[in-house]
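Q: Shown below is the structure under consideration.
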Amino acid sequence: MTTDLFSLFTAPAKMVEAGLRIVNSTIGNGPADALNSAIDDLSSGLSSVFKAGLLTMNDVFTTVQSSLNSVMGQNGHQPPQGPPIDGPQEIDAAVSDFANRLARITRYTLWEASDVGMAFREALDAARISFRYVQVNDPRSLLFPLQLSLSLGSLLAQQGLRGLTAYDVVGAKSYPQFVADFFELFTDTPVYVGLEYRSLIAKYQRRLALTPGNDALRAELGHTQVKCGLYEEAVDNLLKAANNPAVRPDALHDAAVALHRVGRLEEAAKVGSESLRANKNNERARGWLWLTAHKMGSYPEFVPQSQRMELKVGFDRATVEFEDIAARIGLDKTSGGRGLAVFDYNNDGLLDVLIACAHGGCNLYRNNGDGTFTDVSVESGLDTAVNAFIVTVGDYNNDGYDDLFLTRLGFFPGEAQLYRNNGNGTFTDVTAQAGLKMWGPAFSASWVDYDLDGNLDLFVANNIGELFDRKIPNRLFHNNGDGTFIEVTRAAGLSTIWPTIGSAWGDYNDDGYPDLFLSNGAGQAQLYRNNGDGTFTDVSAKAGIVHSCFGSVCLWCDYDNDGLLDIVQFTWSDHENVLYTMRNGYGPPSGRPLRIYHNNGDGTFTMRGREIGLTGCWGTMSGNAGDFNNDGYLDLVLGNGSPRMDRLEPPILLESDGQKFRNITFAAGLPLSGKGHGSNMADLFGDGRLSVLVAAGGAYPGDLLTTRVFYPTRLPGNYLNVRLRGIRSNRSAIGARICLEAGGRKQYREISGGTNFGCLPFEQHFGLAGATKVDAIHVRWPSGLKQTFTGLPANDTVRFIEGQSAWERPYKR
Amino acid sequence: MSRLYWPLKSRPLGSFRNLRCSMPAAEIGQAIGSPVGGFQLPSINGEQVTLASILKGKRGAVVIFWSSFCSHCIHYDDFLNSFTRDHPELGLAVIASRDGEGLPHLRAIAAERNLKFPILHDAGGNIAATWFARQTPRAFLIDGTGVLLYRGAIDNFKYAKDPDFVPYLEPAIAEYLAGRPLSRVEVASFGCAVKSVYYELPKAL
Chain Y
31 MTTDLFSLFT APAKMVEAGL RIVNSTIGNG PADALNSAID DLSSGLSSVF
81 KAGLLTMNDV FTTVQSSLNS VMGQNGHQPP QGPPIDGPQE IDAAVSDFAN
131 RLARITRYTL WEASDVGMAF REALDAARIS FRYVQVNDPR SLLFPLQLSL
181 SLGSLLAQQG LRGLTAYDVV GAKSYPQFVA DFFELFTDTP VYVGLEYRSL
231 IAKYQRRLAL TPGNDALRAE LGHTQVKCGL YEEAVDNLLK AANNPAVRPD
281 ALHDAAVALH RVGRLEEAAK VGSESLRANK NNERARGWLW LTAHKMGSYP
331 EFVPQSQRME LKVGFDRATV EFEDIAARIG LDKTSGGRGL AVFDYNNDGL
381 LDVLIACAHG GCNLYRNNGD GTFTDVSVES GLDTAVNAFI VTVGDYNNDG
431 YDDLFLTRLG FFPGEAQLYR NNGNGTFTDV TAQAGLKMWG PAFSASWVDY
481 DLDGNLDLFV ANNIGELFDR KIPNRLFHNN GDGTFIEVTR AAGLSTIWPT
531 IGSAWGDYND DGYPDLFLSN GAGQAQLYRN NGDGTFTDVS AKAGIVHSCF
581 GSVCLWCDYD NDGLLDIVQF TWSDHENVLY TMRNGYGPPS GRPLRIYHNN
631 GDGTFTMRGR EIGLTGCWGT MSGNAGDFNN DGYLDLVLGN GSPRMDRLEP
681 PILLESDGQK FRNITFAAGL PLSGKGHGSN MADLFGDGRL SVLVAAGGAY
731 PGDLLTTRVF YPTRLPGNYL NVRLRGIRSN RSAIGARICL EAGGRKQYRE
781 ISGGTNFGCL PFEQHFGLAG ATKVDAIHVR WPSGLKQTFT GLPANDTVRF
831 IEGQSAWERP YKR
Chain G
157 MSRLYWPLKS RPLGSFRNLR CSMPAAEIGQ AIGSPVGGFQ LPSINGEQVT
207 LASILKGKRG AVVIFWSSFC SHCIHYDDFL NSFTRDHPEL GLAVIASRDG
257 EGLPHLRAIA AERNLKFPIL HDAGGNIAAT WFARQTPRAF LIDGTGVLLY
307 RGAIDNFKYA KDPDFVPYLE PAIAEYLAGR PLSRVEVASF GCAVKSVYYE
357 LPKAL
């Protein structure tokens, strides 16, 4: 059994390696491109057939397995409530764990003849750990081989389905590199979150002491040291390894990354140039050399023209310019930035900021009202929430103070936590008493009152947790109104087989009930219509949401002010497509830029992309909408990147006039590099200028960056900020719809309970352009109450309370 | 137009001083401007070290929570090795609080990495908990009477040659020793968690 499984997982890795060699030798070759394109066309038809077959296989295996589990008196695969400290406790988890262990053995073994025996012993040890729960004395264990086959079958069916979908999206040419990158990322994650990289480095060093001439091993050691931030040591090893032509191009590229990061820029440029000379087709090396040159001021003379690149994107005319004020106001948190939420935790009217991160605890910054923030992480108790991922804000107990729900890691399982705001500046972890203990790869989460009972319910969207993993179900929890929750996922009919990255709630059909859009990773997006009776129907095909992409986060907004909620689906593109965009001003024809599903008003949507200016391919990890130029149309911010150490991708600003988007990023003064997770927009100072906040940093311990706050240098137009407080509706007024009339135009907003890393403030910022007064504001509360307010000023911040005709100013003067 | 604040550009950096949180210091522990709690811990050299002994004859001290497993801490080996030479007026205590870091392990690491700075062992992580140190490295600057002046990151994790390098602890030290008010009294810490459920899972390798 062990040997069979072992070869099953080593074979794909070797195929990937072989594929990479072929691709590397043909990139840029015309006939090869044509061949790849033909293969793409042919395979997309075939893959649909295969996908249908794999879906059926998965269903059959799962059903039989479920029956067998019943016979054996076992519960089968259930989402765990806590960390598996004693290892897997049932067959599906054990099979996945074993497969992932084999993948890591494959990855970290350097496959010389003498390594095979050691790897085999490691594989046996892995089997012992993964299947430790099996009690051989139990007669029911006689059925174990059958159980194992079925579990393996369903795992491979799901894995194959994801692999085929990813192949459809990225295409034949990019697929080997894509798989290699993901193989590296997923095998690395548990090693780095458990701080086992020290053992890994020691293992490489021990082996290197025995075979000092093993340059591939030395290069891998250097590659690992770069991820850990041990740049000087990495440079020594990588430059030594680069004497071997077989590993020279990659070793030099890694050395250039390390030299740049340690501040030895001239050397980084020289080594980067050598790296490109060794492999002229390495676009990542070209991109890194450009970044180094930018930091130096210009390309050094020794860099030939053929190795240079010019930035041709992000310079559309900007109507607003920004300056980075993070350090000045005290929000310059260095970390592997993650979720960033803006909310008023102490009800003083001022918007406060919470930043979650890898490599540290949450930081809560209290807005002092004088243009500065004070770090109250320790005082609030939120410093205990280490390694948090996304943060979403909502007043689940309707006590008037916003509470927090946070998840961990996203690409690896972790605990979620509910923090109750005690109203005195402190938060208490109430996860267990609320019935929300869970362990899974939750990527996004939202507060939503899906049944309009006035209590905020909770939706948690799960990705896959490891390389070989079954889809962990997305979960919907109903708020019982007494501080506890009960899971209703199955009854609601919200099951999906795709790994979900983004999830967003919005009422697309105007029936008052919030509907759900899922942006799935390797899979198709899905739209679930809320039937109003606690159940949901997947209406994706009928609605026209059938386009594949590598889905990232998503959100609902009315980008063209037609009164209908549209969907923005951000996408994640590989590094080569991003560099293509930077060099050409638009993404490659085969790329999948972000898209907007335009709401046609009849239950269907039309996908819009390049024709409305969404032409660039970016590795978007977070994104949000806000009218930062106050022209009355929602603009977009994209936080981009990937965990790779050689990918520092800038945040992107897309300015909209309601018809088209223009990329104004660099013209508006944003930096050329970054790695943005929580991207957000908020009027932090109540002055009508919408700041763009980006929590930056990566997953590897060496990849720390500092949070940026980009603040408009001038007020770009008039504005009105609107806040709501629900009474019969949930207190946060999540789901409320606002229509503002000013200057002869209408604008629409729906208050979101969180969609991704950057949890937008509940305060709705309306740009009024030149209008000096607001004619009317219409509010549709989740309770169904409709109110109209008139006689409102421009350039102010107002709050409406459900059922009250008078409005108030939340800022104390 | 409603402008609640004066222009940010006109705000001097020195205005960060004296920012205080609204919670009572007694509940917070190790609050800026309040006396820190003392400790008595064994060093890897065998002697018992107290905060008072570190402060004796000094104008203040720097206490850093640290871990041998933490790759962020390795970044500061040279900084810590030369700290006492560079700041003779200040005491230094480096406290290892993570589980699995006993004195023999710490001695072995100190020898392997040629660490010259004083490492104290906080068995069970009690002092880290009292000092609210959730990740390593986390630095505390205290004056000669034990009052906390600065807490947080040492710098922004970049190298001195990098144009984007920003130090935090060194400017705080320089300002304190020069008798000037501190520009920044707190900067968010980053690093490896002192306690994490991921350390308890079965090993990945």
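So the sequences go chain by chain: Y and G.
Those letters in the first sequence? Residues 31 to 843, per the numbering used here, in order.
Those letters in the second sequence? Residues 157 to 361, per the numbering used here, in order.
Glycine is no exception: its CB is placed at the ideal position from the N, C-alpha and C atoms.
(1) Would you kindly check if the distance between the Cβ of V372/Y and the Cβ of P742/Y is under 8 Å?
(2) Let me confirm a value: T737/Y is counted as buried when at least 16 other C-beta atoms fall within 10 Å, else exposed. Which label applies?
(3) Measure the C-alpha to C-alpha separation of R307/G and I188/G and round it to an integer number of angstroms.
(4) Could you list which residues in chain Y have their beta carbon closer than 9 Å to that of S352/G, in chain order?
(5) DSSP state of P220/Y, grouped into three classes?
(6) How big is the Cα-Cα spacing for T526/Y and Y480/Y?
(7) Which residues in the same chain as V350/G place their Cβ atom closer than 8 Å to its Cβ, once the five residues preceding and following it in sequence are excluded?
(8) Could you work out which residue in Y449/Y, E340/Y, A308/Y is closest to L702/Y when comparing CA atoms only?
(9) If you count every other CB in all the chains shown that lies within 10 Å of the CB of I531/Y, and 16 or more means buried, which is it?
(10) Who does V219/G pair with in a DSSP beta bridge?
(11) Give, in chain order, every residue of the stretch 223 to 253 of chain G whose Cβ lies closer than 9 Å to some Cβ of chain Y.
(12) Using a C-beta cutoff of 8 Å, does N312/G count as contacting chain Y?
(13) Determine the extent of the beta strand (DSSP E) in which N654/Y is found, giving its start and end residues.
(14) Can you confirm whether Y315/G, when its beta carbon is compared against all beta carbons of chain A, has any partner nearer than 8 Å?
(15) Are R137/Y and T217/Y touching if we call contact CB-CB under 8 Å?
(16) For K842/Y, count neighbouring C-beta atoms within 10 Å of its own C-beta (all shown protein chains included) and say buried if the count is 16 or more, exposed if not.
(17) What residues from the stretch 261 to 291 of chain G come within 8 Å of chain Y, judged by C-beta to C-beta, listed N to C?
(18) Taking 8 Å as the threshold (beta carbon to beta carbon), is V53/Y in contact with chain G?
(19) Whose C-alpha, out of A475/Y, D483/Y, L585/Y, is nearest the C-alpha of A491/Y?
(20) Residues of chain Y with CB under 9 Å from D255/G, in chain order?
(21) Could you pull out every residue in the same chain whose Cβ sits closer than 6 Å to the Cβ of Q95/Y, ignoring the five residues on either side in sequence?
(22) Using three-state DSSP, classify M468/Y as helix, strand or coil.
(23) With H, G and I counted as helix, E and B as strand and the rest as coil, what does DSSP make of Q849/Y?
(24) L251/Y and L17/Y - do their beta-carbons sit closer together than 8 Å?
(25) When the Cα atoms are used, what is the spatial distance from P823/Y to F796/Y?
(26) Name, going along the chain, the residues of the stretch 326 to 350 of chain G whose beta-carbon falls closer than 7 Å to a beta-carbon of chain Y.
(27) Does any CB atom of chain G fall closer than 8 Å to the CB of S328/Y?
(28) Going by Cα to Cα distance, which pick from L668/Y, T92/Y, Q834/Y is closest to L723/Y?
(29) Verify whether the separation of the beta carbon atoms of N710/Y and I420/Y is less than 8 Å.
(30) For G773/Y, which residues from the same chain have a beta carbon less than 6 Å from its beta carbon, with the 5 sequence-adjacent residues on both sides left out?
(31) Residues of chain Y with CB closer than 7 Å to the CB of P319/G, please, in chain order.
(32) Out of L207/G, F313/G, W287/G, point me to the one whose CA is closest to S227/G's CA.
(33) List the residues of chain Y whose Cβ lies closer than 8 Å to the Cβ of A309/G, in chain order.
(34) Listed in chain order, which residues of the stretch 570 to 596 of chain Y have Cβ atoms closer than 8 Å to some Cβ of chain G?
(35) Considering just the uninterrupted stretch of the alpha helix (DSSP H) at E780/Y, what are its terminal residues?
(36) Around the Cβ of M148/Y, are there at least 16 other Cβ atoms within 10 angstroms (buried) or fewer (exposed)?
A: In short, the structure shows the following:
(1) Contact flag unset, no.
(2) Around the beta carbon of T737/Y, 16 or more other beta carbons lie within 10 angstroms, which makes this residue buried.
(3) Distance between the alpha carbons of R307/G and I188/G is about 8 Å.
(4) Simply V223, G224, L225, V416, N417.
(5) Under the three-state reduction of DSSP, P220/Y is assigned to helix.
(6) Approximately 18 Å between the Cα atoms of the pair.
(7) Only F221, S223, S253, R254, G281, A284, A289, R290, Q291, T292 meet the Cβ criterion.
(8) The shortest Cα separation from L702/Y among Y449/Y, E340/Y, A308/Y belongs to E340/Y.
(9) Result: buried.
(10) Beta-bridge partners assigned by DSSP to V219/G: A249/G, F296/G.
(11) Contact annotation: in the stretch 223 to 253 of chain G, residues whose CB is within less than 9 Å of a CB in chain Y are S223, S224, F225, C226, S227, H228, I230, H231.
(12) The beta carbon of N312/G sits closer than 8 Å to some beta carbon of chain Y.
(13) That run of the beta strand (DSSP E) goes 650 to 656.
(14) In summary, chain A is missing from the structure at hand, where the protein chains are Y and G.
(15) Result yes, Cβ atoms of R137/Y and T217/Y sit closer than 8 Å.
(16) When all chains shown are included, K842/Y counts as exposed.
(17) Answer in chain order: F288, R290, Q291.
(18) The predicted model places V53/Y with a pLDDT of 39, which falls under 50 and marks its position as unreliable; any figure quoted below should be read in that light. The C-beta of V53/Y comes no closer than 8 Å to any C-beta of chain G.
(19) It is A475/Y whose Cα lies nearest to the Cα of A491/Y.
(20) Chain Y residues near D255/G: none, gap ~11 Å exceeds 9 Å.
(21) Answer for Q95/Y: L180, listed in chain order.
(22) Coil, per DSSP.
(23) Lying outside 31 to 843, the shown extent of chain Y, residue 849/Y is not represented and no answer is given.
(24) No information on residue 17/Y is available, as it lies outside the stretch 31 to 843 that chain Y covers here.
(25) Cα to Cα, the separation comes out at about 12 Å.
(26) Contact annotation: in the stretch 326 to 350 of chain G, residues whose CB is within less than 7 Å of a CB in chain Y are E342, A344, S345, F346, G347, C348, A349.
(27) With 8 Å as the cut-off, S328/Y does not count as an interface residue toward chain G.
(28) It is L668/Y.
(29) No, they are not a contact pair.
(30) For G773/Y, where only same-chain residues beyond five positions count, the Cβ hits under 6 Å are A801.
(31) Result: K325.
(32) That would be F313/G, whose Cα lies nearest to the Cα of S227/G.
(33) The answer, in chain order, is T364.
(34) For the stretch 570 to 596 of chain Y, the set of residues with a beta-carbon nearer than 8 Å to any beta-carbon of chain G is empty.
(35) Boundaries around E780/Y are those of the beta strand (DSSP E), 775 to 780, since no alpha helix (DSSP H) includes it.
(36) Answer is exposed; the Cβ neighbour count stays below 16.
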